[in-house]
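Working notes for the structure below.
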Amino acid sequence: MTKKTRLLIPGPTPVPPAVAEVMARPLIGHRTQEFADLYARLQGKLKKVFGTENDVHILTSSGTGGMEAAVANTVNPGDKVLALVTGKFGERFTELARVYGAEVDALEFGWGNAVALDQVEERLKKGKYKAVLATHNETATTVINDIKGIGALTRSADALLLVDAVSSLGGAELLADDWGVDVLVTASQKALMVPPGLAMVSVSPRAGEAVNQARSPRYYFSLAAAKKSIAKYNTPYTPAVSLFAGLDVALDMILAEGLEQVYRRHNTFAAATRQAMNALGLKLVAPETSASPLVTGVWAPEGMNADDLRRKIVQDYGILIAGGQDQFKGRVFRIAHMGYVDAVDILGTIAALEISLAHVGQPAKFGSGVAAAQAVFAGRK
Ligand SMILES: Cc1ncc(COP(=O)(O)O)c(C=O)c1O
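FYI, the numbering used here numbers position 100 of the sequence shown as 117, with every residue one higher than the one before it.
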């Protein structure tokens with residue numbers, strides 16, 4: 018029998034049938050009124066999800082391209098930048114700014130910890146920074162950071178705040194304008210339920226001034242070029258038209274459910290997954306206070322390679338969960354619950370995990386994790 022594939026990884030995430038269907042329709046030309054109408058519609062919807070009144074540029078690229086656009090267009094060689102690093106993606110943002118010649122101070126909080134606001138405040142008092150780089154949802158460590166708190170600090174320090182919300186936007190609240198985020202970056206293949214290929218970038222008026230004065234070389238990722246085009250609801254280069262169409266439908270789904278309910282649903286899935294792991298005696302990577310609503314990281318039991326367990330689960334049940342990255346490789350597995358995932362996916366994953374733990378020599382009390390998750394679902398309906 019051909020197995021069903023279930024993606025419980027932090028991107029790409031499952032694509033709803035309605036999104037897949039619209040992407041399979043005959044293509045439209047991108048220099049047409051029909052495309053301009055589509056891009057205009059997307060602007061209206063994205064502004065709600067981003068919590069912004071500003072333009073949200075859609076770039077045909079993965080999320081890292083959006084991060085590169087954020088840096089290349091606002092940070093000049095020699096500028097002082099403070100990078101808040103809580104894991105792999107904070108490290109990536111740091112590297113990117115260094116590649117563009119910025120003088121980067123990396124404030125490291127350690128894998129598994131969230132950004133400590135008092136340390137940020139202290140750094141911002143000590144030095145003058147052009148920009149601060151932060152990760153909203155650190156996918157590698159399954160920790161979510163307090164962007165609202167960071168935004169209050171960068172505002173009073175008069176620094177630009179660039180935020181990587183690649184694995185959170187559309188699944189966890191982030192209000193760009195209210196929270197003082199100058200450049201907010203996300204991507205299509207995570208909570209937004211669209212295949213990989215689109216990065217979205219909002220630009221505040223303050224960041225817009227920096228764009229106008231930017232000196233770093235850039236071409237494809239020029240936000241000045243994107244700004245010129247968006248005035249006519251167009252893009253400078255050929256956009257991934259099908260993905261734009263898919264995003265249109267995915268955003269309708271999110272907005273029809275209501276952002277508050279979407280965030281609540283992700284929180285419930287996270288709580289169910291965390292309770293299940295607790296019931297199974299497995300240790301969680303993220304502390305309760307900064308646990309991601311989108312993905313849950315779990316330490317493999319002593320003496321077990323997390324990747325052996327993952328292989329067993331995908332082999333027997335077609336459920337793909339993520340492994341640990343870099344220093345967490347083999348030691349951590351991650352269950353993503355973002356986007357088009359439902360309670361049955363979560364319960365099924367926990368059940369498959371229980372059986373697979375037994376297969377790799379870590380017997381679990383069958384049903385204990387599932388029961389803990391059921392209790393969460395029952396209590397929150
Ligand atoms: C927090 C975060 N930032 C950036 C990226 C990079 O995005 P992409 O792989 O789409 O370039 C990811 C991808 O997993 C991510 O989770």
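We put the CB at the ideal spot given by N, CA and C, even for glycine. None of the values given here were measured: they were computed from a predicted structure.
With 16 other CB atoms within 10 Å as the buried threshold, where does Leu170 fall? buried
Lys145 and Leu177 closer than 8 Å at C-beta: Their beta carbons are not under 8 Å apart, which means Lys145 does not touch Leu177 by this criterion.
Around ligand 1, Cβ to any heavy atom closer than 5 Å, ordered along the chain: Ser79, Gly80, Thr81, Phe106, Thr156, Asp181, Val183, Ser184 and Ala204
Among Gln332, Ala89, Ala131 and Ile352, which residue has its Cα nearest to the Cα of Phe286? Closest by alpha carbon: Ile352.
Roughly how many angstroms lie between the CA atoms of Gln278 and Ser205, to the nearest whole one? 20 Å
Segment limits, beta strand (DSSP E) that includes Ala204: Val200 to Ala204
Helix, strand or coil for Ala131, going by three-state DSSP, please let me know. coil
Count the C-beta pairs between the segment 247-267 and the segment 45-55 that are closer than 8 Å, then say yes if the count reaches three, no if not. yes
Would you identify the three-state DSSP class for Leu55, choosing helix, strand or coil? helix
Sequence-distant residues of its chain with Cβ nearer than 6 Å to Pro213 (five each side left out): Pro29, Ser79 and Gln206, listed in sequence order.
Report yes or no: do the segment 386-394 and the segment 338-353 share at least 3 C-beta pairs separated by less than 8 Å? Judged by pairs of C-beta atoms under 8 Å, the segment 386-394 does not touch the segment 338-353, as fewer than three such pairs exist.
Nearest-angstrom Cα separation, counted from Gly104 out to Trp128: Take the alpha-carbon of Trp128 and the one of Gly104: they are about 5 Å apart.
Sequence-distant residues of the same chain with beta carbon closer than 7 Å to Gly107, five excluded per side: These residues qualify, in order along the chain: Ala100, Leu101, Thr152 and Glu155.
Whether or not the segment 219-231 and the segment 281-298 are in contact is what I'm after, with contact meaning three or more pairs of Cβ atoms, one per stretch, closer than 8 Å; do they touch? no
In three-state terms, what does DSSP make of Ser246? In this structure, Ser246 counts as helix in the three-state DSSP scheme.
Chain-order list of residues whose beta-carbon lies under 6 Å from that of Pro310 (same chain, five-residue window excluded): Ala189, His283, Asn284 and Ala287
So, for Gly95: in the same chain, excluding its five sequence neighbours on each side, which residues have a beta-carbon less than 8 Å away from its beta-carbon? These residues qualify, in order along the chain: Gly118, Ala119 and Glu120.
Counting C-beta neighbours from all protein chains within 10 Å, is the total for Ala248 16 or more, i.e. buried, or is it exposed? exposed
Under the rule that 16 or more other beta-carbon atoms within 10 Å means buried, what is Ala379, buried or exposed? Note on residue identity: the sequence assigns Gln, not Ala, to residue 379. Around the beta-carbon of Gln379, 16 or more other beta-carbon atoms lie within 10 Å, marking it buried.
With DSSP as the reference, identify every bridge partner of His74, one or two as the case may be. Beta bridge pairing from DSSP links His74 with Val218.
Counting only the same chain and skipping the five closest in sequence on each side, list residues whose C-beta sits under 8 Å from that of Phe126. Counting only residues of its own chain and dropping the five nearest sequence neighbours on each side, Phe126 has a CB closer than 8 Å to the CB of Leu101, Val102, Thr103, Val132, Ala133 and Gln136.
Inter-stretch contact at 8 Å, needing at least 3 Cβ pairs: the segment 364-383 / the segment 292-299: yes
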